[in-house]
Structure formats: structure tokens, C-alpha cells
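The opening position of the sequence shown corresponds to residue -4 in this note's numbering, with each subsequent residue numbered one higher. Here the structure comes first, spelled out in C-alpha cells, and everything after it is commentary.
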Amino acid sequence: TEEDIAEVVARWTRIPVTRMLESEKQKILHIADRLRQRVVGQEEAVEAISFAVRRSRAGMSEENRPIGSFIFLGPTGVGKTELARALAEFLFDDENAMVRLDMSEYMEQFNVSRLIGAPPGYVGYDEGGQLTEAVRRRPYSVVLLDEIEKAHPEVFNILLQILEDGRLTDSKGHVVNFKNTMIIMTSNIAADYIMQRFQNINDTNRERVYESARGEIMQILKQKLRPEFLNRVDEMIVFRPLAKEQIHQIVSIQFERTVRKTMQRQGLDGKLTERAKEYLAGKGYDPVFGARPLKRIMQKELVNEIATRILEGKLKKGDYLTIDASESGLQFNS
């Protein structure tokens, strides 16, 4: 049957059966909505990624290139890595369908060969390349290259080959196909400049500050990276700093995706009141670090308290926890 065939192919390719049997066209048309459920306030990035996937699926992209290639720039904690994870989950039904490499580990020339594997006779030859082997094992994946600006110049020759030909030959002579990957590179170029510019950002000057910063960041990027490399990248996107009301949305997303799911595994359930969301958003908001502090605040004030109550026996299977807030902090009512 169709299901049996799908199951066999799913085992080979690591593409889940549900994704293979779902109406592909309908799914692809709604990609932007699905990504917005996880990534807040980054319309340009979500749209750019969505159109790249649609072009690829409609057969309107270059045949021998990856699905898409992007450089994500901008402040920390605004959703660059989260968008890569959301995309992996959407395309391959698993947010771990991601090959992630920290490019600061490839700053020296002698480390560059680790991407495609050590030459014959050298230590590590049998292990294969850290990039080529990962993609060979998982040909359907999001390839996330963090801090691309720190990579040695020779790394860009390797990446240029991937962006132009959609393939790479490893040290053992195996040709690794990158045509079913999405290449996302993040960069902290101009990090100090961004922190300085966004420190005094507010609702009245947000758009003006962002636009002027974006122009500056693009100029710095063009000075740092070779033009022939940048010309092969589909799009370079500067992520926007988050406003406080967007942090409020992220509180809801984080609670539903992590805290509530973990509670449900323990046979519990619960909800955050609007006041609790407001309280956590207020404490977790930082114009420079975006949503970064939020995760720590939620762990410290929310998850730690729930864990303590479970261990003390105050929360038992079947309990429903309502989390509210007052001036003194969060209040837990079960």
C-alpha cells in the first residue's frame, strides 16, 4: 500500500511518514503561518525562508543548488537559531534534523580539512568530515553554521562549492549531495555596534533605529566577506530587536512548548494568567539581549517552583495549576 511504501522510504531518508502522506502543496502554502507560531516579530526572515521553500517545491529554483541559503544577522536572542529549528521541524518533522557547526572552531587553516575529512594517512581519516559525514547521514536537513565571519578564508571556498554545485567531495572521494538541505549562516558581525545602537531603542524610534542599523550592518558584512561568496547567498537578513509586547507572545509560546509539555508528561496541566505573562515578560525583557534572559527567568521563577512542589507532594497527578502574579511575584494555585 501507499502507507507501506511511505514507511520504507521514511526509514531510508529519515523523513517522517506523516509528512510524506500529508498534502504537500497545502503544507507548503501554510509554511509562513507555521513558522510564525514559533518565531515572533521577524516577518522579513519568515517570508524569505517561506518563499525559498515554495520555489524549491514548485520546481522554480536552480536544480543543483541547496533549497535556500541565508545569512542571519542582528542582535542576540531575537530568534535566529529558533527560526532554523522551526524550519527543521516544519520540513522534516523534527527540530533535531539539523546539522549545526560552530565556525569559530574553523578559524585556523589546519582545522579546515575537518569539514570534509582528514587526508589519507592523517589522524581522523576514518571518521569522515564533520560537515560532509553529517549531511551524508542526514541528507534532508537544515545546515546551521554559527558565527560564519570567524571561519578561515578557505572555509568559504568549500561553502562556495556547496552554494554553486549543491555537492561536495569528501576526503574519501564520496560525493555528498546538499540539494535537499537549507543552508543558514548566522553572524555576530557588528555585535558591539548593534548593542550600542539598540540600547536606547523604544516604540517611537524603533523603525528608524532599525533601518539605519541595517544599512550599517550590511556595509560591514560586505567589507568582511568576499563579494563572490555573498553573491551566491540567496538573502542576507538583519533580524529586528524585539519589543516588550513580542516578549509577551514568546512567554506564551515557551510556556506551551516547554513548561506545559513537561508538566503533562508528569500527569499535570496548567495555565498562565495574563498577569503572570505580563510579570514574566517584564522581568525577561531586555532591548539588547532580546528574549535571552526570559528563558532563565522562566526556569528560575516558574520551573524551579513547579519542580519543588512536585517533590514536596503539593502537586500530584491529575492536578491543574493556575499560575498568577501579584506585586510580590508569581502565585501558584492548584
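Where a beta carbon is used, it is the ideal one built from N, C-alpha and C, also for glycine.
For residue i, the three-state DSSP class (helix, strand or coil)
| i | result |
| --- | --- |
| M177 | strand |
| I62 | coil |
| M231 | strand |
| G279 | helix |
| D187 | helix |
| Q218 | helix |
| Y152 | The sequence given here has Asn at residue 152, not Tyr. N152: helix per DSSP, three-state reduction. |
| K125 | Note on residue identity: the sequence assigns Gln, not Lys, to residue 125. Residue state, collapsed to three classes: coil. |
| L78 | helix |
| G285 | strand |
| N200 | coil |
| N195 | coil |
| N226 | coil |
| L310 | coil |
| L237 | coil |
| V35 | coil |
| D(-1) | helix |
| H147 | coil |
| R255 | helix |
| E90 | coil |
| G54 | coil |
| R133 | coil |
| A113 | coil |
| E322 | coil |
| H25 | coil |
| M102 | coil |
Cβ pair residue i, residue j closer than 8 angstroms
| i | j | result |
| --- | --- | --- |
| R221 | A208 | no |
| D165 | G116 | no |
| R270 | A320 | yes |
| E223 | L154 | no |
| V171 | V130 | yes |
| V246 | K272 | yes |
| I179 | V138 | yes |
| I143 | M190 | no |
| R287 | T76 | no |
| F87 | S136 | yes |
| N334 | G168 | There is no way to answer for residue 334, as the model of the chain reaches only from -4 to 329. |
| R291 | F327 | no |
| L158 | L126 | no |
| D198 | A146 | no |
| I23 | V48 | yes |
| L30 | S45 | yes |
| I62 | N200 | no |
| Q37 | L78 | yes |
| R132 | A92 | no |
| I215 | M258 | no |
| L110 | G123 | no |
| V107 | Y101 | yes |
Environment of residue i [buried if 16+ CB atoms lie within 10 Å]
| i | result |
| --- | --- |
| Q218 | exposed |
| E317 | According to the sequence displayed, residue 317 carries Thr and not Glu. So T317 counts as exposed. |
| A53 | exposed |
| D141 | buried |
| E128 | buried |
| K295 | exposed |
| F173 | buried |
| P148 | exposed |
| L163 | buried |
| R33 | buried |
| Q194 | exposed |
| G313 | exposed |
| I0 | exposed |
| F250 | buried |
| F105 | exposed |
| Q241 | buried |
| P236 | buried |
| S56 | buried |
| G285 | buried |
| S182 | buried |
| M293 | buried |
| G210 | exposed |
Residue i Cβ short of 7 angstroms to the ligand HEM heavy atom set
| i | result |
| --- | --- |
| E42 | For the ligand HEM, the structure offers nothing, since it holds no ligand at all. |
Sheet register partners of residue i (DSSP bridge)
| i | result |
| --- | --- |
| T164 | V170 |
| R95 | L139 |
| G265 | L316 |
| N328 | T317 |
| F67 | T181 and I232 |
Residue-chain proximity (residue i, chain D), Cβ-Cβ < 8 angstroms
| i | result |
| --- | --- |
| L263 | The structure shown has no chain D; it contains just one protein chain. |
**Request:** Would you check if the segment 249 to 257 and the segment 38 to 46 touch, i.e. whether three or more CB-CB distances between them fall below 8 angstroms?
**Result:** Taking one beta carbon from each stretch, the segment 38 to 46 and the segment 249 to 257 have fewer than 3 pairs nearer than 8 angstroms; the two do not touch.
**Item:** At least 3 beta-carbon pairs within less than 8 angstroms: the segment 226 to 235 vs the segment 61 to 78
**Value:** By the C-beta criterion, the segment 226 to 235 is judged to be in contact with the segment 61 to 78, since at least 3 inter-stretch pairs fall below 8 angstroms.
**Message:** Measuring CB atoms only, is the segment 306 to 313 touching the segment 277 to 290, in the sense that at least three cross pairs come out at less than 8 angstroms?
**Reply:** Not touching, per the Cβ criterion.
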